[in-house]
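Report on the structure given below.
4 protein chains.
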Amino acid sequence: MAHRGLRVAVVGASGYAGAEIVRLLASHPCAEVALATSGRSAGRRLSELCPWLHTDLVLSDFDPASLRADFTFLCQEAGFALEHAPELLATTRVIDLSGDFRLKEPSVYERFYQRERPKGAADVRAVYGLPELTDVEELADAKIVANPGCYPTAALLALMPLIASGTVVGTPIVDAKSGVSGAGRSRKETDYLFSELSGGFKGYAMVGHRHTPEIEQMAGRPVRFSPHLIPAARGIEATIHAQVTKPPSAEMFQAFYNGRPFVQVVGSPPSTKLVHGSNLCLINVDYDASTEFAVVSSVIDNLVKGAAGQAIQNMNIMAGLPEETGLPVSGVWP
Amino acid sequence: MAHRGLRVAVVGASGYAGAEIVRLLASHPCAEVALATSGRSAGRRLSELCPWLHTDLVLSDFDPASLRADFTFLCQEAGFALEHAPELLATTRVIDLSGDFRLKEPSVYERFYQRERPKGAADVRAVYGLPELTDVEELADAKIVANPGCYPTAALLALMPLIASGTVVGTPIVDAKSGVSGAGRSRKETDYLFSELSGGFKGYAMVGHRHTPEIEQMAGRPVRFSPHLIPAARGIEATIHAQVTKPPSAEMFQAFYNGRPFVQVVGSPPSTKLVHGSNLCLINVDYDASTEFAVVSSVIDNLVKGAAGQAIQNMNIMAGLPEETGLPVSGVWP
Amino acid sequence: MAHRGLRVAVVGASGYAGAEIVRLLASHPCAEVALATSGRSAGRRLSELCPWLHTDLVLSDFDPASLRADFTFLCQEAGFALEHAPELLATTRVIDLSGDFRLKEPSVYERFYQRERPKGAADVRAVYGLPELTDVEELADAKIVANPGCYPTAALLALMPLIASGTVVGTPIVDAKSGVSGAGRSRKETDYLFSELSGGFKGYAMVGHRHTPEIEQMAGRPVRFSPHLIPAARGIEATIHAQVTKPPSAEMFQAFYNGRPFVQVVGSPPSTKLVHGSNLCLINVDYDASTEFAVVSSVIDNLVKGAAGQAIQNMNIMAGLPEETGLPVSGVWP
Amino acid sequence: MAHRGLRVAVVGASGYAGAEIVRLLASHPCAEVALATSGRSAGRRLSELCPWLHTDLVLSDFDPASLRADFTFLCQEAGFALEHAPELLATTRVIDLSGDFRLKEPSVYERFYQRERPKGAADVRAVYGLPELTDVEELADAKIVANPGCYPTAALLALMPLIASGTVVGTPIVDAKSGVSGAGRSRKETDYLFSELSGGFKGYAMVGHRHTPEIEQMAGRPVRFSPHLIPAARGIEATIHAQVTKPPSAEMFQAFYNGRPFVQVVGSPPSTKLVHGSNLCLINVDYDASTEFAVVSSVIDNLVKGAAGQAIQNMNIMAGLPEETGLPVSGVWP
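Residue numbers (our numbering), protein chains in the order written: chain A, 19 to 352; chain B, 19 to 352; chain C, 19 to 352; chain D, 19 to 352.
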């Protein structure tokens, strides 16, 4: 095992995204989790709360004043990072997995997240960390990175080559579907019980989901976005329907992502299952000549490329490592 | 139990749709299955091939010359009805569950089904049997009914009130998702194995699916349609994204389906699980003011309202019975 | 539709068992739900809480003093029936779906249910209502029936023919597996979330489950019982391993259940899916000559034969109707 | 990345076990797949057949005469290894994942696998490779290892500490349950379609399954074994019910597996989901005082500890590496 030089803190380690960071970093050659916190469980072993993790980590209280780490992953609800980032940045670089720093316009944040941005937050200059679409130099230098939402990751990787080609007409449609783990580990309503979801499929938040402005911000135009719930634990599929003035091609997408290890263009609509546990995004490109629409389907693992894996990819870039360091590509199948 | 006056034949009784007709008719007060056929299994008991069915029916060979029944359900691959309907119509009324008689234009049929329509078929005047959207008088008199496809049923019930309102601009998008039973019982490729599908979600036939022209024919305009596969046995969800000049409303949909027992407008995006085993179609209506799109989500059970249940609803109408006779409305939950 | 003479009350109608009673009675020719109650939701429509049910029922408070019904189904946690049955029996016959009246020995009840039996309960003479194993005459006359647990139903139907044959040696093993709905609709712990259960299988309460003494009471001997959780909403499978002095046979089981409509002996290990929504119990009988064990596998739908369906079967018998009245036999497949 | 010194051949790389070996070896620091074969697909890229694998491997024909590798994994049906092992052993050490070399008694093999052992096979001295129960020195020196069956791995790890304690009375019961991937990737019968298995649970081969003699051989006594099918892709749970003269304890199991990295004793019945993608076996130990039975539940991932992972563990031992080299312990959850 190589020297594990980077010391990492995971704040909120017993949720799905935090635990996935701990799992993935266990096979990272250059980083190790030095500190893990959990709101209500300080003093307990992480493996008690997450028995699938085989680690000796004992959970601490979150104490920003004393936190020392090369990188800190914040895996908390919206509001937490806005409150604590200014203090944390004095002693650690931060990757925030919430929506707190993703939206440039404070008023948009306040409308979609229904909370005010505290004054101190205005001074924090976060970089939006979707490495295939963000200026990598800027990411490398960032003190704090806003890790993208899971839906925006799947949607934007499929959509941006079209937008960049200048051929899109009107409002692109993003019809997206997610595994249930996207709801997190603490949603204990009836709606999230196994018996209520198994064998069923449904839409939710069909209009006004908070990931909409995040997609629109990078797309630079209004986008029609609706999410749905797949009866599976992991995976996001996004189907883009966009009217275009010219047929898109797989080659155009391949050229757009040339040299990037985590986006692959495939020859048929991919299954979310192909990227189970993987940091890849697979994309299929079709063209409907009769309506003149591009039809692009992308899949990611919402907890890997859509959260923990992308966060580590961002850390790699910030640390000057190859972006793929320690991240899995082949999926766990079947 | 009331008198079971109608004698019914089910051709292809050991597939999912045929078996579902047998199951549903077991609690129909006015009809009973007098004849069941299956291509390769004549002489065996239906319950051997479909052990969930508790029936004494013994499978026969299909012999159109000797078939006597008030109603015959054809549950076979495309081509079968075109070949046999002319002869059958001499002795029985027919409800065909394939695509053979759904498309008015022979050339469209030939393109999407990749087979020629035989000459004799031109004389057969089938009525398209989506009772909430078809002229019921015409259905009542029909000698042969083309039972709609599962996707077109879900899509059209959600789309037509918008079309009828005259507010739709441009190409409506139908992003549809189906349980795996839609593929039928005889698709024994690797792709349909449990291990390959469980826990995954994917699109397929994203462009040019054969249900596209069926939707467009009734919509009277081009429609952008893509289907996906849900990791569940049953259920179809269709999300319609349609740019509109005026916000749609639940009331408008309710008025459109006023008095019809099998379409209900609900207050939030419904789950396919709510209609498991039911002949209902549930519809939710949203409006995205920022992009001026109507967002309509409908769910059906692909084997009931999308196949066997709708076929029985058509039979009821053809027989002069109330259309809901013998058909379940409440879903099997959880 | 025949005259629906019997007036039925369902106490706890928004849980899985209560809602299933409402669903099943909708197609019962001689009974109708006149009253439905729900602890915290009086005044709301049942269909709001259970949107898969299409009914106009409005939930009432539970008021034993004013409750008038031919039959009352109690679908509540343990303790409720013990408290209210004495008063209820003045005005209605009762079928209790909890464990309150299943165990003859008060001390056994108190140990396994960890609550005391109130004094008044001693006068209540309940009949254990597993119609294929109980004296039907006694059931027909009962004022109050203790509806069996789901596991005991599956286990005892598979076990009792062996016991009755006098060939069992030593302690029979019941290794049982249940769909998640057996946990009920109000278990909102992390453990019951979709994401935590999907794709996994595990045992629980491997020793000392409260259904153990219920099985032992009828078996008349100690039984080794362990339950497990299937990643599916419905269904119980019980595998009995019992050392025997003589090979069992399918014929012996068929003779044991001769004339009973809801138990069928089949020729291979049945799937729980075959009885999805059905009141049947399917049983397969094997013999392991090398160890001299009988191996018997039974399946039921835990919410039908294991709860609501069996409760209605008991009501039918109490009302002098054929026991199969209004109950489905064919399963909803796939 | 350390030097990848060991050259490995995978024969049958496009099945589930073979593909899992390829996936796991991608992160092994000391081995790399130099050759992959597939019966009918020579010349195609492995990633075409297994699109979840991101590898440049091109499939070859199997040619034992020219095969050169430090280790060869045989992932084929029974019979293949018996035919080819004698020739292969001249140029490579072999780990066979079939049942060909697991059973010492030729007559038992012939009865349970219904094929004759060829004469040449008698000279091949295979070591049974369940490293926690086999003499590790012998394994280290083996030319050919018989990789255990998935059920025997789960069953024996749970059972052997009891057997070793000398407290077991009579016939132990192994009631085991497996995910569907255990059936392999080429079983394309109706029975293995998604629609037929989803949401259901059933037993199969309740008596006489070919893994029975494999369990009995190591247990040194008759064992009552029945397998079942879980509606999930991966995972095996085995519940052992064994009458004992003395209560077992977790400590006894911990002592038995002291120092072994892949067996952990836990405090409650574990879920198969906890070891999804992991090479761990988790074991819970209970005692039923009223019947004097030990109740032990173990879980493994059938494709990892039950096949590919254990095969690599065996390779590690044969190569003189730490047995845990390159093998994952934390599960992919949720």
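Quick reminder that beta carbons are idealized off the backbone N, C-alpha and C, glycines included.
7 Å Cβ cut-off: residues of chain C touching residue i
i	result
Arg278 of chain B	Within chain C, no residue comes near Arg278 of chain B; the closest Cβ sits about 13 Å away, beyond 7 Å.
Glu214 of chain D	Pro352
Contact with chain D by residue i, beta-carbon distance below 8 Å
i	result
Ala164 of chain B	no
Ala337 of chain B	no
Glu128 of chain C	no
Arg203 of chain B	yes
Val293 of chain B	no
Val309 of chain C	Per the sequence presented here, residue 309 of chain C reads as Thr, with Val not at that position. Chain D contact via Cβ: present.
Thr109 of chain C	no
Ser196 of chain A	no
Presumed contact (8 Å Cβ cut-off) between residue i and residue j, rounded CB distance
i	j	result
Leu211 of chain D	Lys206 of chain B	7 Å
Lys323 of chain A	Gln235 of chain A	That pair is no contact at about 19 Å.
Ile39 of chain B	Phe91 of chain B	5 Å
Coarse secondary structure for residue i, derived from DSSP in three states
i	result
Trp351 of chain D	coil
Gln261 of chain D	strand
His72 of chain B	coil
Val154 of chain D	helix
Val284 of chain D	coil
Leu292 of chain B	helix
Leu121 of chain C	coil
Ile301 of chain D	strand
Ala96 of chain A	coil
Lys137 of chain A	helix
Leu106 of chain D	helix
Bounding residues of the beta strand (DSSP E) (the contiguous stretch that carries residue i)
i	result
Pro190 of chain B	Val186 to Ser196
Asn334 of chain A	Careful: Asn334 of chain A lies outside any beta strand (DSSP E), inside the alpha helix (DSSP H) at Gly327 to Met336.
Phe130 of chain B	Careful: Phe130 of chain B lies outside any beta strand (DSSP E), inside the alpha helix (DSSP H) at Pro124 to Tyr131.
Glu50 of chain D	Ala49 to Thr55
Arg242 of chain B	Arg242 to Leu247
Leu24 of chain B	Leu24 to Val29
Ala164 of chain D	Ile162 to Ala164
Contacts of residue i in chain D (Cβ-Cβ under 8 Å)
i	result
His259 of chain C	Ile191, Asp193, Arg242, Ser244 and His259
Contact list for residue i against chain C, beta-carbon separation under 8 Å
i	result
Ser59 of chain A	None at all; the shortest Cβ gap to chain C is about 12 Å.
Ile248 of chain D	Phe219, Ile248 and Pro249
Chain-ordered chain B contacts of residue i [CB-CB under 9 Å]
i	result
Ala251 of chain A	Gly217
Neighbouring residues, chain C, relative to residue i (Cβ below 9 Å)
i	result
His72 of chain B	Gln282, Ser296, Leu298, Val347, Ser348 and Gly349
Run of the alpha helix (DSSP H) containing residue i, from where it starts to where it stops
i	result
Gln235 of chain B	Thr230 to Ala237
Arg278 of chain D	First-last for Arg278 of chain D: undefined, no H or E at that position.
Ser65 of chain B	Leu64 to Leu67
Thr171 of chain C	Cys168 to Ala182
Any chain B beta carbon closer than 8 Å to residue i
i	result
Phe220 of chain A	One detail in the question is off: residue 220 of chain A reads as Lys in this sequence, not Phe. Yes - at least one Cβ of chain B is within 8 Å of the one on Lys220 of chain A.
Met19 of chain D	A caution first: Met19 of chain D carries a pLDDT of 36, below 50, which makes its placement in the model unreliable, though a value can still be read off. Judged by the 8 Å Cβ criterion, Met19 of chain D is not in contact with chain B.
Leu64 of chain D	no
Tyr34 of chain C	yes
Glu38 of chain A	no
Interface partners of residue i on chain D, CB under 7 Å
i	result
Met224 of chain C	Pro287, Asp304, Val313 and Ser315
Pro266 of chain A	Those do not exist, as Pro266 of chain A stays about 21 Å from chain D at its closest Cβ, beyond 7 Å.
Interface flag, residue i vs chain C, CB-CB below 8 Å
i	result
Thr208 of chain D	no
Leu115 of chain A	no
Residues that residue i contacts on chain A, provided the C-beta gap is smaller than 8 Å
i	result
Ser199 of chain C	Ser213
Cβ of residue i within 8 Å of any chain A Cβ
i	result
Leu157 of chain B	no
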